[in-house]
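Visitor:
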Ligand SMILES: NC(=O)c1ccc[n+]([C@@H]2O[C@H](COP(=O)([O-])OP(=O)(O)OC[C@H]3O[C@@H](n4cnc5c(N)ncnc54)[C@H](OP(=O)(O)O)[C@@H]3O)[C@@H](O)[C@H]2O)c1
């Protein structure tokens, strides 16, 4: 497959270029794009932050971040790519809420591009409290509303439906929704991106992914690490908002949405939004399990009394005829025995099959492997696998080397491909569900139960399946036994 290369020159500005996300994800993603020779001859990467420093110092900072992101020492080719890339990196120091600084920044960009009209990507790598002044100032300095400015905002979008609605309304006063790229990095994962094309192209798979064939759906996002350096942020949101509100609901939507005939961005976003709006949570004790790993409170004095959950298991349903009666189980947690992310669709059994028989399953693995397989039964009831479909490589890969999630999504922004970004309505629908869960938890004054680090999480997660013939599908156990 011919590799996609960017033709048009552009300015890529990272607001908050001194921060965590910039160092950990954005600089390495830009380097990965350079390594794959995706960039045109003329492009400018501008770091914008308040700290006063010279471009030379920022280049050193950028370089260090790229080196740290690589497990091995850079090879000769990578050294050359990095050196060349740094020539395209610049720094501008300014406040986020001062129009004069943005006017100076506009002239600074002009001094680089030598033209007034160019594609401008503005990446919001700042805390959400700073989004609004940047949006406002970017709007103030543009020459006309038709300027090609693309705003990239990373989740979380608000803290609840109300604040998300406020944010979108605010941005909407200045920019059109199609200029805004709402990024959830899970949609940069190859296997997640493969879901729609696979369902679109393979009737066999789509026939199985129908409510009438499926007994239950499970999505597990299990991590072995704890909260680590993002404790301040995490303690305010917890697993429900950090993992379930966007990442897991997006995976669920991609798995259960109707496939539109026209595979364009707006049709896909509409279908995702429809299924997200139809999600329901029954406000019952057994619909949710909260856990916190032992030792969480000891990580810092600030969280010594915290009741923030680091594990959530949730039971939902889809209020649509096509999925009527199919329970959905989601769970996400930290400090567990393994790191695995996977979606399991358990298929219904024949009437004559005994309850001891393992069901057929469609398993979509996202981490550590990226593949989809169908588990069949042989004559003795042992499971066999039917084919493993590798995640689509298409645009992400050049030979063996594939772009990281942020690299792929940045490439999408520059090539104006919005299919793997979220729409306002999807986000609002997701928040409506999470707000309902939150409201229930507050009313019940629910606190998380403690679980051991390195375990499978709270034992009470099984209560979600009480009264059903189902159990959590443990991929780790299954793979160990294969
Ligand atoms: N870090 C991650 O792994 C991660 C993952 C997913 C999503 N996100 C999202 O990505 C965005 C950036 O996250 P981050 O972790 O990189 O943020 P951060 O490190 O806390 O902040 C980024 C930069 O913003 C500026 N800043 C911080 N607090 C500020 C304040 N109160 N007023 C004005 N400027 C301030 C600072 O730059 P200067 O002082 O130099 O101007 C800072 O270096 C957030 O929306 C976050 O929710 C982050």
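Numbering (this note's numbering), first residue to last: 39 to 520.
Backbone N, C-alpha and C fix where the C-beta goes; we use that ideal spot for every residue, glycine too.
Count the CB pairs spanning the stretch 120–131 and the stretch 84–99 that are closer than 8 Å, and state whether there are at least three.
Guide: In short, these stretches touch, since the Cβ pair count reaches three.
Visitor: Report yes if the CB atom of residue 252 is closer than 9 Å to the CB atom of residue 384, and no otherwise.
Guide: Here residue 252 is taken as the residue at index 214 of the chain shown, counted from 1. Here residue 384 is taken as the residue at index 346 of the chain shown, counted from 1. Yes, they are a contact pair.
Visitor: Tell whether a beta-carbon distance below 9 Å holds between residue 370 and residue 260.
Guide: Within the chain shown, numbered from 1, the residue matching residue 370 stands at position 332. Within the chain shown, numbered from 1, the residue matching residue 260 stands at position 222. Yes.
Visitor: Alpha carbon to alpha carbon, how far is residue 75 from residue 123?
Guide: Reading the chain shown from its first residue, position 37 is the one you call residue 75. Reading the chain shown from its first residue, position 85 is the one you call residue 123. Using only the alpha carbons, I get a separation of about 10 Å.
Visitor: Taking only three categories from DSSP, how would you classify residue 148?
Guide: Locating residue 148 in the chain shown gives position 110, counting from the first residue. Of the three classes helix, strand and coil, the one that applies to residue 148 here is helix, per DSSP.
Visitor: Let me know the secondary structure DSSP gives residue 519 once reduced to three states.
Guide: For the purposes of this step, residue 519 is taken as residue 481 along the chain shown, with counting starting at 1. Confidence in residue 519 is poor, its pLDDT being 43 and thus under 50, which makes the residue's placement too unreliable to answer from.
Visitor: Does the distance between the C-beta of residue 134 and the nearest non-hydrogen atom of ligand 1 fall short of 8 Å?
Guide: Your numbering for residue 134 matches position 96 in the chain shown. Within the cutoff, so yes.
Visitor: Does the stretch 314–334 come close enough to the stretch 460–472 to have 3 or more Cβ pairs within less than 8 Å?
Guide: With a cut-off of 8 Å, the stretch 460–472 and the stretch 314–334 count as touching, because enough Cβ pairs lie within range.
Visitor: Use the C-beta contact count for residue 333: other C-beta atoms within 10 angstroms, 16 or more gives buried, fewer gives exposed.
Guide: For the purposes of this step, residue 333 is identified with residue 295 of the chain shown, where counting begins at 1. Exposed is the call here.
Visitor: Pick helix, strand or coil for residue 389, following the three-state DSSP scheme.
Guide: If you number the chain shown from 1, residue 389 lands on position 351. If DSSP states are grouped into helix, strand and coil, residue 389 belongs with coil.
Visitor: Based on DSSP bridge pairs, tell me the residues matched to residue 331.
Guide: As a working mapping, residue 331 is identified with position 293 in the chain shown. Looking at the DSSP assignment, residue 331 forms a beta bridge with 489.
Visitor: Looking at the unbroken alpha helix (DSSP H) that takes in residue 312, where does it start and where does it end?
Guide: Mapped onto the chain shown, residue 312 falls at position 274. Run containing residue 312: 303–315, per the alpha helix (DSSP H) assignment.
Visitor: Assign residue 507 to buried or exposed, taking buried as 16 or more other Cβ atoms, counted over all protein chains shown, within 10 Å of its Cβ.
Guide: Along the chain shown, read from residue 1 onward, the residue named residue 507 stands at position 469. Exposed, because fewer than 16 other Cβ atoms sit within 10 Å of the Cβ of residue 507.
Visitor: For residue 520 and residue 240, I'd like the C-alpha separation in whole angstroms.
Guide: Counted from its first residue, the chain shown places residue 520 at position 482. Counted from its first residue, the chain shown places residue 240 at position 202. Note on residue 520: pLDDT 42, under 50, position unreliable in the model; no value is reported.
Visitor: Alpha carbon to alpha carbon, how far is residue 281 from residue 354? Give it in angstroms, no decimals.
Guide: As a position in the chain shown, residue 354 is number 316, starting the count at 1. As a position in the chain shown, residue 281 is number 243, starting the count at 1. Going by the C-alpha atoms only, they are around 15 Å apart.
Visitor: I'd like the list of long-range same chain contacts for residue 347, defined as Cβ closer than 8 Å, with 5 residues on each side in sequence excluded.
Guide: For this step, residue 347 is matched to residue 309 along the chain shown. Same-chain partners within the cutoff: 276, 277, 278, 328, 329, 330, 486.
Visitor: Using CA atoms only, rank isn't needed, just tell me which of 227, 274, 322, 336 is closest to residue 286.
Guide: Within the chain shown, residue 286 is the residue found at index 248, counting from 1. Considering only alpha carbons, the answer is 227.
Visitor: Any idea if residue 499 is buried or exposed, counting beta-carbon neighbours within 10 angstroms, 16 or more meaning buried?
Guide: One-based indexing of the chain shown puts residue 499 at position 461. So residue 499 ends up on the buried side.
Visitor: Once DSSP output is grouped into helix, strand and coil, what is the label at residue 81?
Guide: Residue mapping note: residue 81 aligns to position 43 of the chain shown, counting from 1. Strand.
Visitor: Should residue 357 be labelled buried (16 or more other beta-carbon atoms within 10 Å of its own) or exposed?
Guide: Numbered from its first residue, the chain shown carries residue 357 at position 319. So residue 357 counts as exposed.
Visitor: Buried or exposed: residue 159, going by 16 or more other Cβ atoms within 10 Å of its Cβ?
Guide: Numbered from its first residue, the chain shown carries residue 159 at position 121. Looking at its Cβ environment, which holds 16 or more other Cβ atoms inside 10 Å, residue 159 is buried.
Visitor: Counting along the chain, where does the alpha helix (DSSP H) carrying residue 51 start and finish?
Guide: Here residue 51 refers to the residue found at position 13 of the chain shown. Careful: residue 51 lies outside any alpha helix (DSSP H), inside the beta strand (DSSP E) at 48–53.
Visitor: Between which two residues does the alpha helix (DSSP H) carrying residue 533 extend?
Guide: Residue 533 is absent from the structure shown; the chain starts at 39 and stops at 520.
Visitor: Going residue by residue through the stretch 205–252, where are the continuous alpha helix (DSSP H) segments of at least 4 residues, counting only ones entirely within it?
Guide: Those alpha helix (DSSP H) runs which fall completely within the stretch 205–252 and span 4+ residues are 228–239, 241–246.
Visitor: Rounding to the nearest angstrom, what Cα-Cα distance links residue 213 and residue 200 in this structure?
Guide: Residue 213 sits at position 175 when you count from the first residue of the chain shown. Residue 200 sits at position 162 when you count from the first residue of the chain shown. Using only the alpha carbons, I get a separation of about 20 Å.
Visitor: So what's residue 289 in DSSP terms, helix, strand or just coil?
Guide: By one-based count along the chain shown, residue 289 stands at place 251. Correct three-state label for residue 289: helix.
Visitor: Since residue 319 and residue 471 should fall inside the 8 Å C-beta cutoff, what is the C-beta to C-beta distance between them, to a whole number of angstroms?
Guide: Counted from its first residue, the chain shown places residue 319 at position 281. Counted from its first residue, the chain shown places residue 471 at position 433. About 6 Å separates the two Cβ atoms, so the contact holds.
Visitor: Say yes only if the C-beta of residue 164 is nearer than 8 Å to one or more non-hydrogen atoms of ligand 1, and no if none qualify.
Guide: Counting from one through the chain shown, the residue named residue 164 turns up at place 126. True, at least one ligand heavy atom lies under 8 Å from that Cβ.
Visitor: Looking at residue 362: is its Cβ nearer than 9 Å to the Cβ of residue 505?
Guide: Position 324 of the chain shown, counting from 1, holds the residue named residue 362. Position 467 of the chain shown, counting from 1, holds the residue named residue 505. No. Outside cutoff.
Visitor: So, do the stretch 134–150 and the stretch 89–103 have three or more beta carbon pairs nearer to each other than 8 Å?
Guide: Flag = no, the stretch 134–150 and the stretch 89–103 do not touch.
Visitor: Could you tell me if residue 350 is buried or exposed, where buried requires 16 or more neighbouring beta carbons within 10 angstroms of its beta carbon?
Guide: Along the chain shown, one-based indexing puts residue 350 at 312. Buried, because 16 or more other Cβ atoms sit within 10 Å of the Cβ of residue 350.
Visitor: Write down the C-beta distance between residue 458 and residue 225 rounded to the nearest angstrom, noting that I regard them as a contact closer than 8 Å.
Guide: Position 420 of the chain shown, counted from the first residue, corresponds to residue 458. Position 187 of the chain shown, counted from the first residue, corresponds to residue 225. Yes, residue 458 and residue 225 are in contact; Cβ-Cβ is about 4 Å, under 8 Å.
Visitor: Going by beta carbon distance, what residues of the same chain come within less than 8 Å of residue 217, once the five residues before and after it are set aside?
Guide: Translated into the one-based positions of the chain shown, residue 217 becomes position 179. Closer than 8 Å at Cβ, skipping near neighbours: 187, 188, 189.
Visitor: For residue 67 and residue 61, I'd like the C-alpha separation in whole angstroms.
Guide: By one-based count along the chain shown, residue 67 stands at place 29. By one-based count along the chain shown, residue 61 stands at place 23. For residue 67 and residue 61, the distance between alpha carbons rounds to 10 Å.
Visitor: Spell out the partners DSSP gives residue 357 in its beta bridges.
Guide: For the purposes of this step, residue 357 is taken as the residue at position 319 of the chain shown. Residue 357 pairs with nothing; no bridge assigned.
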